[in-house]
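A short worksheet on the structure shown next.
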Amino acid sequence: MSTKTPRHIAVIMDGNGRWARQRGWPRSRGHLEGAKAVRECVEGCLDLGVEVLTLYAFSTDNWQRPKEEIETLMGLLKRFLIEYTKEMGSMGVRFEAIGRLSQIPADCQRQIEAARKATSLNQKLTTILAVNYSGRTEIVDAVKRVAMEVREGTLEVDQIDSELFHQYLYTSRWPDPDLLIRTSGEMRVSNFLLWQLSYTEIFVMEKLWPDFKRTDLFEAAEHFAKRQRRYGGV
Ligand code: FPP
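Taking our numbering, the leading residue of the sequence shown gets 64, the next gets one more, and so forth.
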């Protein structure tokens, strides 16, 4: 891995619905093809030597979608975990998930747990699925945990700083993303990793997510390598 290779890439996989609509197909077909593009992305990260990949699979706002579409997304997630755990597990991929997981269907929760367990010793690439995730909810959950510790007397208010707060986030075990990729041209972070993206380089591509190929990941990584990160300095 070169020093300019991002250690952690986060991805907002946008445009599945538009991709399907352009072809006169149901949205579910867009999500199905989107799940295939996930494979391209994971394999591309393995090729590059990326350590962590976080994928925005389902946001807390996605519950507003039609019931049918939610069922498709949860079904795909389950199928993805069953199929890819074995296959990608053997390539050194470790699966993790973040979000309010207790609110998703029980069979999906079980599959996430099984994937975590089966791949827990893998070290090449950690793929984190953000499911029933939102950045604000994550921060609220962290604040509640901090407040509880203060109330119980195990934490002093003066001890609270950015580094300590990071330990209460869902992503406490991983470095912040170096690079955020968003497909389908939208210039928004959409409630994704709000705390962690503070100094992340953002790369937006016009392509819709189902068309995403590993070469797109390489292109984003090349752009990243040319950026100068100053973290507020000069
Ligand atoms: C955005 O497209 C995508 C999602 C809301 C979900 C992402 C899900 C997948 C890529 C498939 C399943 C994922 C895994 C990990 C197996 P959109 O529906 O908002 O597209 P639109 O903006 O064009 O309508």
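Even for Gly, the Cβ is constructed at its ideal location relative to N, Cα and C. Keep in mind that this is a model prediction, so the values were computed, not measured.
Item                                                                                                                      : Value
Beta carbon of G97 nearer than 8 Å to that of N79                                                                         : yes
V74 beta carbon near the ligand FPP (any heavy atom closer than 7 Å)                                                      : no
Option in L232, S197, L111, V101 with minimal Cα separation from R208                                                     : L232
DSSP state of Y147 mapped onto helix, strand, coil                                                                        : helix
Chain-order list of residues whose beta-carbon lies under 7 Å from that of T68 (same chain, five-residue window excluded) : L111, G112, V113, A284
Candidates H71, I133, V101: closest to P273 by CA position                                                                : V101
Near the ligand FPP: A288 beta-carbon under 7 Å from a heavy atom                                                         : no
Contact check, I244 vs V74, beta carbons under 8 Å                                                                        : yes
Reduced DSSP secondary structure (H/G/I, E/B, other) of L260                                                              : coil
CB of T148 within 8 Å of CB of A169, strictly                                                                             : no
The segment 82–90 contacting the segment 160–169, beta-carbon criterion three pairs below 8 Å                             : no
Contact set for I202: own chain, Cβ-Cβ below 8 Å, skip 5 residues either direction                                        : L232, L257, W258
For F287, the first and last residue of its enclosing alpha helix (DSSP H)                                                : 277–289
The segment 131–145 in contact with the segment 103–110 per 3-pair CB rule at 8 Å                                         : no
Residue from P240, V194, L227, K187 whose Cα sits closest to the Cα of E212                                               : L227
Identified DSSP bridge partners for F158                                                                                  : T190
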